[in-house]
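Trainee: Heads up: the protein sequence lines correspond to chains Y and F, in order.
For the first sequence, my numbering begins at 1 and goes up steadily by one.
For the second sequence, my numbering begins at 1001 and goes up steadily by one.
Where a beta carbon is used, it is the ideal one built from N, C-alpha and C, also for glycine.
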Amino acid sequence: MWEEVECVGELDEIVGEFLVESYENLDAFDDDLLALERDPNATDRIASAFRTIHTIKGTCGFLGLGTLESVTHAGENLLTLVRDGDLDLGPDIATALLALSDAVRSMLGSVEATGTEGDADHSALVATLERLQHGAGGAVASAPAGDAPAAGAPPPVDAPPPVDAPPPHGTGGATALSAAPPPAPQAEPVPAAADVPAAGEPRGAAAADSSIRVDVGLLDQLMNLVGELVLARNQILQHTSTSTDAALVGSSQRLNLIATELQEGVMKTRMQPIGNVWGKFPRVVRDLTVALGKQCRVVMEGEDTELDKTIIEAIKDPLTHLVRNAVDHGVETAADRVAAGKPAEGTLTLRAFHEGGQVNIEIADDGAGIDPARVLAKAVERGLVRPDQATRLVEREILSLIFSPGFSTAARITNVSGRGVGMDVVKTNIERIGGTVDVASVPGSGTTFKVKIPLTLAIIPALVVTCGEERYAIPQASLLELVRLEGAQARQGIELISGAPVYRLRGNLLPLVHLNRELAVPDTADRDVVNIVVLQADAQPFGLVVDGVHDTQEIVVKPLGSQLKGIATYAGATILGDGRVSLILDVVGLAQRAHVVAEHRERALTAGLGSGGPDAGELETLLIVGVGADRRVAVPLSSVARLEKFPRSAVERAGQGEVVQYRDEILPLISLSSALGAYPDPSAEAARTFDVVVCAAPGGGSVGVVVDRIVDIVEERRRARGTGQARVVDRRVTDVVDLPALVAALETGVLAGALPVEVGV
Amino acid sequence: MSAPTARQYSTFSVDGLYFGVEALRVQEFIRYQQMTHVPLAPRDVAGLINLRGQIVTAIDLRSRLQLPPRADGRLPMNVVLRSDDGSVSLLVDEIGDVVDADDDSFEAPPETVGGVARDLILGAHKLPGRLLLVLDTDRAIAVTPA
Chain Y
1 MWEEVECVGE LDEIVGEFLV ESYENLDAFD DDLLALERDP NATDRIASAF
51 RTIHTIKGTC GFLGLGTLES VTHAGENLLT LVRDGDLDLG PDIATALLAL
101 SDAVRSMLGS VEATGTEGDA DHSALVATLE RLQHGAGGAV ASAPAGDAPA
151 AGAPPPVDAP PPVDAPPPHG TGGATALSAA PPPAPQAEPV PAAADVPAAG
201 EPRGAAAADS SIRVDVGLLD QLMNLVGELV LARNQILQHT STSTDAALVG
251 SSQRLNLIAT ELQEGVMKTR MQPIGNVWGK FPRVVRDLTV ALGKQCRVVM
301 EGEDTELDKT IIEAIKDPLT HLVRNAVDHG VETAADRVAA GKPAEGTLTL
351 RAFHEGGQVN IEIADDGAGI DPARVLAKAV ERGLVRPDQA TRLVEREILS
401 LIFSPGFSTA ARITNVSGRG VGMDVVKTNI ERIGGTVDVA SVPGSGTTFK
451 VKIPLTLAII PALVVTCGEE RYAIPQASLL ELVRLEGAQA RQGIELISGA
501 PVYRLRGNLL PLVHLNRELA VPDTADRDVV NIVVLQADAQ PFGLVVDGVH
551 DTQEIVVKPL GSQLKGIATY AGATILGDGR VSLILDVVGL AQRAHVVAEH
601 RERALTAGLG SGGPDAGELE TLLIVGVGAD RRVAVPLSSV ARLEKFPRSA
651 VERAGQGEVV QYRDEILPLI SLSSALGAYP DPSAEAARTF DVVVCAAPGG
701 GSVGVVVDRI VDIVEERRRA RGTGQARVVD RRVTDVVDLP ALVAALETGV
751 LAGALPVEVG V
Chain F
1001 MSAPTARQYS TFSVDGLYFG VEALRVQEFI RYQQMTHVPL APRDVAGLIN
1051 LRGQIVTAID LRSRLQLPPR ADGRLPMNVV LRSDDGSVSL LVDEIGDVVD
1101 ADDDSFEAPP ETVGGVARDL ILGAHKLPGR LLLVLDTDRA IAVTPA
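Encoded structure:
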């Protein structure tokens, strides 16, 4: 008894589910039996009844509930005969099976109350069930004498009414000559079932009542209605915001609160813990590790983090792929791990948590990490990047190449990879539901995939902007910040790089997209003010220039009709507070249309394949920096990754050189003035901060080139090669420096401490 | 012989032409609604309207039939049709009555009718005094993205 209680205690959750499910199934079982009594030929009913008892029996065996198992086992045997047509379901069998149902209910009630099956004696019921197997078998055996088996079904149904009680013992006695007095087995099970439930049934009802199953369609409908309500509320709030009627304002505020709570409540009904998806991962990992000869355990954190059901469905496949990928490509074999000084067993950590209205899911392995050089080599081999572009990519950009279509570093197609789901599909699927996926990796110690997804798809916060005469909603998930330029800033803040507008946002070049140009609507904007909505698509920030910025609102996403579905620029439509329809912009689609993402790479690729070199006369954007007291040097902007400012105090020494910590990396510094043999500008040296041009190092990683001043960014006609060493830029003679070549030449020099180095450009 | 089957048509006019669509396909007629313009949309899509919380795409039937645009200041009416893909509105000039027409008054468009009209018109009922052009609603609303 004690052991049993303990066991049940441990399996509390499983038992709870089993109880709820069994109560439901038993109700259906009773229904099935009653229907079968009316129509003994309803084979689907027999099958259903059989399944119920079979399931309960199986689970009881698993949970160690012996009595329940033996009782249901007897019932199952009887039902098998009925199902196979060896036995007809007469009232006697039905009664016994209903008694079985009651007995099972009473035992379940007892399990729920005390953790045991109770000590009611069910042997009589078992005996009846067993006797009926043989007894009724005889009855059928006698019936077919006259009728075909198929026709044998109706007689027992017709026959019983006149003789009601006698048939059981009549047939039973004829063949089995059971020792038990026939009426007793029939009388006993019923009271037994009736007595015990008195204590157990109310509790059984409690377990079943505390949760109900609801059709998902109904929940979807509720969600839609709540969406409508939220819209109606927004409209009312807009009207009452100017009202002076205190009572109206009061009740609309109350409506606001209730609608919000209702929205949250309904959303909760659709929430499921992410553990529902993760639950199968240990098994996936186990199978994989066995197949691959690896060892790996799964650690889960935050598995009760909840997500909307539709999102759970949508991320199931991408997450499974990431997990498989981590085990296949991330975790090394036990031997390799031990050789690397790591425990033989790898660890796959799944972590989920809420943050800022989004759910973060991290899938981290402690494997070998991703080798950026290998990724880059593969990307070059696959033609995803040009070799000369490759040197300019920073590590983050290199790692994100694994999400490109047509990329796979798996040397061979294993059972695991090559299943037609690439990382690009993972990324697409996650982005489709408004999420993002990012990868970070430390060679030797592991890779982490970070997935961010919205809590729900139906109602999202959005920023409302105007462009031309219409308003557009931008999902807040892709919003980074808002920038407003006024007056002189508005006229000069936007610069052009070969015709493409950019804005310098804290030293980084932000490509700009004019919404009115993308949407081909007339430009009505006020030239004195420029509103830039900084968005992120594909991890690439860009600025969307809009005519005006309104507030943020909770909007209900509604799909567009088939006539408009093909337009990638829109994610749907919504109804704003004033009842007008507004389009929801698809940030990724817009960025692609404006060639901010994806096409960028393609264009660079074709440019490289074309003439083999840029045409003379083509516009080139140059970064003008100051070296020494008055010397000016131009650097092609294409070789610049970023512009940064560091405090002097951030400089540290490593080996022979100076370094700063930058984005969790060590950035080696090269002084441009010493490299070019100029004296550093004393005023720049005295300043508390200094400017650094970050560019890609030839061996991977980045290098910071320290300049004395950042002067300007200008556009110039490109000259023929060879004469480009010095030219007149902005009416001043300016040296043009090939930064990658300079850095490459200095690379060894820095280590040897041999500065300065003369570099012919 | 049994009486010829009669069909019910909801009628409307576009640029002087008298059109009918099967009455069962029509969800409702409504007056002009404020519309949200959809940039980049196919030319025939006039915009989106808010029909009691439902977002409905409005298709300008004049544009669809390559007829001249409506005179300035004249507002179109909405004929809201049910479709497999939710509701779609056709912008028409004026709404007419529901008329009954016998099947035997129906005739396919003569060969001389060409262009878009041929694709979008199923045929005509020869009513006393005028022709009722039967619109192929499925085709009329099947505007493919530009």
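Is the shortest distance between the beta-carbon of glutamine 1034 of chain F and the beta-carbons of chain Y less than 9 Å?
Mentor: Yes, contact with chain Y.
Trainee: Note down the Cα distance separating leucine 519 of chain Y from serine 674 of chain Y, rounded to an integer number of angstroms.
Mentor: Looking at the two C-alpha atoms, the distance is approximately 50 Å.
Trainee: So alanine 1041 of chain F contacts chain Y; which residues on that side make the cut at Cβ distance below 7 Å?
Mentor: Within 7 Å Cβ-Cβ: Leu564, Ile567.
Trainee: Select from Y/Val707, Y/Ser498, Y/Leu746 the residue whose C-alpha is nearest the C-alpha of serine 683 of chain Y.
Mentor: The residue with the shortest Cα to Cα distance from serine 683 of chain Y is Y/Val707.
Trainee: Hey, could you find the ends of the alpha helix (DSSP H) isoleucine 398 of chain Y is sitting in?
Mentor: Looking at the DSSP string, the run of the alpha helix (DSSP H) that includes isoleucine 398 of chain Y is 395-399.
Trainee: Output the distance between the C-alpha atoms of serine 1105 of chain F and lysine 1126 of chain F, rounded to the nearest integer angstrom.
Mentor: If you take the alpha carbons of serine 1105 of chain F and lysine 1126 of chain F, they lie about 5 Å apart.
Trainee: To the nearest angstrom, how far is the alpha carbon of valine 111 of chain Y from that of glutamate 69 of chain Y?
Mentor: One C-alpha to the other measures close to 13 Å.
Trainee: Would you say proline 511 of chain Y and valine 587 of chain Y are within 9 Å of each other, going by their C-beta atoms?
Mentor: No, the pair does not count as a contact, with Cβ atoms beyond the cut-off.
Trainee: Per DSSP, what kind of secondary structure is histidine 122 of chain Y in: helix, strand or coil?
Mentor: If DSSP states are grouped into helix, strand and coil, histidine 122 of chain Y belongs with coil.
Trainee: Determine, using beta carbons only, whether glycine 367 of chain Y and glycine 293 of chain Y come nearer to each other than 9 Å.
Mentor: No, they are not a contact pair.
Trainee: So, for glutamate 1107 of chain F: in the same chain, excluding its five sequence neighbours on each side, which residues have a beta-carbon less than 7 Å away from its beta-carbon?
Mentor: These residues qualify, in order along the chain: Gly1123, Ala1124, Lys1126.
Trainee: Verify whether the separation of the beta carbon atoms of aspartate 1044 of chain F and valine 1134 of chain F is less than 9 Å.
Mentor: For aspartate 1044 of chain F and valine 1134 of chain F, no; Cβs fall outside 9 Å.
Trainee: Name the DSSP beta bridge partners of glycine 765 of chain Y, please?
Mentor: Since the first residue shown for chain Y is 1 and the last is 761, residue 765 of chain Y is missing from the structure and cannot be characterised.
Trainee: What are the boundary residues of the alpha helix (DSSP H) that histidine 73 of chain Y is part of?
Mentor: Note, histidine 73 of chain Y: alpha helix (DSSP H), 66-83.
Trainee: With distance defined between alpha-carbon atoms, name the residue in Y/Gln389, Y/Asp304, Y/Leu564 nearest to arginine 351 of chain Y.
Mentor: It is Y/Asp304.
Trainee: Can valine 425 of chain Y and cysteine 467 of chain Y be called in contact, C-beta distance under 9 Å?
Mentor: No. Outside cutoff.
Trainee: Could you name each continuous beta strand (DSSP E) segment of 3 residues or more that falls completely within the stretch 1047-1078 of chain F, going from the start of the chain to the end?
Mentor: For the stretch 1047-1078 of chain F, whole beta strand (DSSP E) runs of length 3 or above, ordered along the chain, are 1054-1060.
Trainee: Pairing CB atoms from the stretch 684-691 of chain Y with CB atoms from the stretch 656-665 of chain Y, are three or more of them under 8 Å?
Mentor: Short answer: they don't touch.
Trainee: What residues are listed by DSSP as bridge partners for alanine 1124 of chain F?
Mentor: Answer is F/Glu1107, F/Leu1133, bridged to alanine 1124 of chain F.
Trainee: Using 9 Å as the threshold, is the C-beta distance between serine 1087 of chain F and valine 1056 of chain F below it?
Mentor: Their beta carbons are under 9 Å apart, which means serine 1087 of chain F touches valine 1056 of chain F by this criterion.
Trainee: Going by CA-CA distance only, name the one from Y/Val104, Y/Phe353, Y/Ser702, Y/Val331 that's closest to glycine 302 of chain Y.
Mentor: Nearest C-alpha to glycine 302 of chain Y: Y/Phe353.
Trainee: What do you get for lysine 378 of chain Y, buried or exposed, if any count of 16 or more other CB atoms within 10 angstroms of its CB means buried?
Mentor: So lysine 378 of chain Y counts as buried.
Trainee: Considering only residues of the stretch 551-595 of chain Y, which uninterrupted beta strand (DSSP E) runs meet the minimum length of 3 residues and lie entirely inside it, listed in chain order?
Mentor: Complete beta strand (DSSP E) runs here, min 3: 570-575, 581-585.
Trainee: What three-state label does DSSP hand histidine 1037 of chain F in the structure shown?
Mentor: Of the three classes helix, strand and coil, the one that applies to histidine 1037 of chain F here is coil, per DSSP.
Trainee: How big is the Cα-Cα spacing for alanine 571 of chain Y and glycine 561 of chain Y?
Mentor: Looking at the two C-alpha atoms, the distance is approximately 12 Å.
Trainee: By the DSSP assignment, the alpha helix (DSSP H) with valine 1099 of chain F in it spans what residues?
Mentor: Where valine 1099 of chain F is concerned, there is no enclosing alpha helix (DSSP H), although the beta strand (DSSP E) it sits in stretches over 1094-1102.
Trainee: For chain F, find out if any of its Cβ atoms is closer than 9 Å to the Cβ of threonine 524 of chain Y; answer yes or no.
Mentor: Taking Cβ atoms only, chain F never reaches closer than 9 Å to threonine 524 of chain Y, which makes this a no.
Trainee: Quick check on the burial criterion: 16 or more other C-beta atoms within 10 angstroms. Buried or exposed for histidine 239 of chain Y?
Mentor: Under this definition histidine 239 of chain Y is an exposed residue.
Trainee: Take the Cβ of lysine 558 of chain Y as the centre, count every other Cβ of all protein chains shown within 10 Å, and call the residue buried at 16 or more, exposed below.
Mentor: It counts as buried.
Trainee: Taking only the alpha-carbon atoms, compute the straight-line gap between glycine 137 of chain Y and aspartate 317 of chain Y and give it to the nearest angstrom.
Mentor: With a pLDDT of 43 at glycine 137 of chain Y, under the threshold of 50, the modelled position of this residue cannot be trusted, and the question is left open.
Trainee: Is the beta carbon of alanine 1006 of chain F sitting closer than 9 Å to the one on aspartate 1097 of chain F?
Mentor: Cβ distance not < 9 Å, so alanine 1006 of chain F and aspartate 1097 of chain F don't count as in contact.
Trainee: Can you give me the Cβ contacts of alanine 179 of chain Y inside the same chain, cut-off strictly under 8 Å, excluding the 5 residues immediately before and after it?
Mentor: Note that alanine 179 of chain Y scores 39 on pLDDT, short of 50, meaning its location in the model is unreliable; the coordinates nonetheless yield the value given after this. Nothing meets the Cβ criterion.
Trainee: Quick one: grab the DSSP three-state call for glycine 422 of chain Y.
Mentor: DSSP places glycine 422 of chain Y in coil when its eight states are reduced to three.
Trainee: Residues of chain Y with CB closer than 8 Å to the CB of aspartate 1097 of chain F, please, in chain order.
Mentor: Neighbours of aspartate 1097 of chain F on chain Y: none; closest Cβ ~28 Å, over 8 Å.
Trainee: Could you list the residues in the stretch 574-592 of chain Y with a C-beta less than 7 Å from some C-beta on chain F, going in chain order?
Mentor: Here the close residues are Ile575, Gly579, Arg580, Val581, Ser582, Leu583.
Trainee: I need the boundaries of the alpha helix (DSSP H) containing proline 636 of chain Y, first residue and last residue.
Mentor: From DSSP, proline 636 of chain Y is part of no alpha helix (DSSP H) but of the beta strand (DSSP E) over 631-636.
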